[in-house]
Structures are given as structure tokens and as C-alpha cells.
Amino acid sequence: MVSSAVCIATITDDLFTEDFFKLIEQRYSSDSVEDFSDWRDTINKGSTLGDYERLHLANQFANRRIRFVSDSDHWHKSDYWATPLESLGTKGGDCEDFAIFKYFTLKAMGVDENKMRLRYVRALLINEPHMVLIYFENPKAMPLVLDNLKTTILPADQRRDLKPVYSFNGQGLWLAKAQGLSTTKPTSGGTKNWTDLVNRIENGE
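Heads up: take any position in the sequence shown, counting from 1, add 176, and you land on our numbering.
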């Protein structure tokens, strides 16, 4: 089982210290300090709201502050999962980075991790693999899709342009059903990219 509990303690108001903002300015730029201040304020605001409002707040923030750029152009790698700090600091990322940023932002706001999964899909309109974040109000509910291709949050059954492949969170990996839902039995694996991502967040990247 892959544990990501440490990330709950990492991306909270305790993270945003004076030393943190100095490090952000050194690592990225003085302009980035404002972005991270706004991120902190967004998380704090979300912590006082219900889940539905949190979803829209996190989705809107990520889609407005991060521009889409491929891993090959941005990181000079074929596949790289950026931490939330890297995505916001560089103001760029691909679909995986958008989904990851929203996931950890919502966790920091207080959304239950068991209600969220990162989902690999096939984006049929562009015929490419793609990643989105999905949210379940309860295990039997139709999941809501948070995406950077279509910025409006919609139920999965209204996203006929997405063909689900599999989904996962820090608790495990799920294969997707045809209807866009998931099985409840995780595999014993997980993903190396996810493990590496969590380790880099632990190290403050």
C-alpha cells in the first residue's frame, strides 16, 4: 500500500512560513511568491467550505494559474510527475500535473482522500492518453470530473469524450469499469510515479 498521509501534514498552513516564501523566491521568482500566497489563501478559504465549493475553488485556481505544457518541453523528459510546488512555481504542467495539483490542494482543504482518485482515461476527441481527477460524494455516486481540457466540473456520465482506463489514490490502484466507475478492490501494486511523487513532496520539492 502506498501511503500519502504525510502530504496532509505537508501542504497545510504550517507550510507557508516566512522561510518557505524566501525559498520560493530563490527557487523560482519574486512573482511566484504572490502565486503561493494566493494558493495559501485559497486553501484556507476552502477549509471553511463544503466539498462542492472546494472542488470548484481548487479546479478554478489550478486551471487559471497553471498553463499546459508537455513534459518533453517543460522538463525535457518523456514522463515526469511534478509536485504541486513545482507546477505552481514554474506555472506549467501537463494533464497529470493539473490532476495532482488539484488532488493535494483539496486534501489540504480537508477533502477525504477516499473520495478522490486520479484517473487515467483516453481522451477520445484528441485520441490521446489523459489524466483527470474524480470525486465521489459516496461510493455509489456518479463521480465528478475535474479536468483541464474542459474546465466545467461535470458528472462522469456527461463526459462521453473520456474512456476510463484505471484510477488510483494513495490507498491503491483500481481498474475502471465501462461506466466510468471503479472496482473497490485495489491491487497490491500502486505506481512508481506516485511513490516517487510522494517522496519528493516529503522532501519539500
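Glycine included, every Cβ here is placed at the ideal spot set by N, Cα and C.
In the structure shown, residue 310 falls within a strand segment according to DSSP collapsed to helix, strand and coil.
Bounds of the beta strand (DSSP E) holding residue 293 are 292 to 299.
Residue environment: residue 226 is assigned as exposed (fewer than 16 neighbouring CB atoms within 10 Å of its CB, all protein chains considered). Excluding residues up to 5 positions away in sequence, 331, 332, 333 lie with their Cβ nearer than 7 Å to the Cβ of residue 318 in the same chain. Look at the beta carbons and you see the stretch 261 to 277 touching the stretch 307 to 314: at least three pairs across the two are nearer than 8 Å. Here the alpha carbons of residue 288 and residue 282 stand approximately 8 Å from one another.
Nearest neighbour of residue 266 by Cα position, chosen from 207, 340, 304, 253, turns out to be 207. Between residue 342 and residue 215, the alpha-carbon positions lie close to 29 Å from each other.
Annotated three-state conformation of residue 268 is strand, per DSSP. Residue 339 carries a strand assignment under DSSP once its states are collapsed to helix, strand and coil. In this structure residue 299 is not in contact with residue 219, their Cβ atoms being roughly 29 Å apart against a cut-off of 8 Å. Here residue 239 carries a helix assignment [DSSP, helix/strand/coil].
According to DSSP, residue pairing for residue 305 in a beta bridge involves 298. For residue 233, the closest of 199, 195, 286, 301 by C-alpha to C-alpha distance is 286.
Counting only residues of its own chain and dropping the five nearest sequence neighbours on each side, residue 254 has a CB closer than 7 Å to the CB of 247, 248. Looking only at 301, 205, 344, 292, the smallest Cα-Cα distance to residue 230 is reached by 292.
Membership of residue 321 in the beta strand (DSSP E) is indicated by the continuous run 320 to 322. Bounds of the alpha helix (DSSP H) holding residue 196 are 194 to 203.
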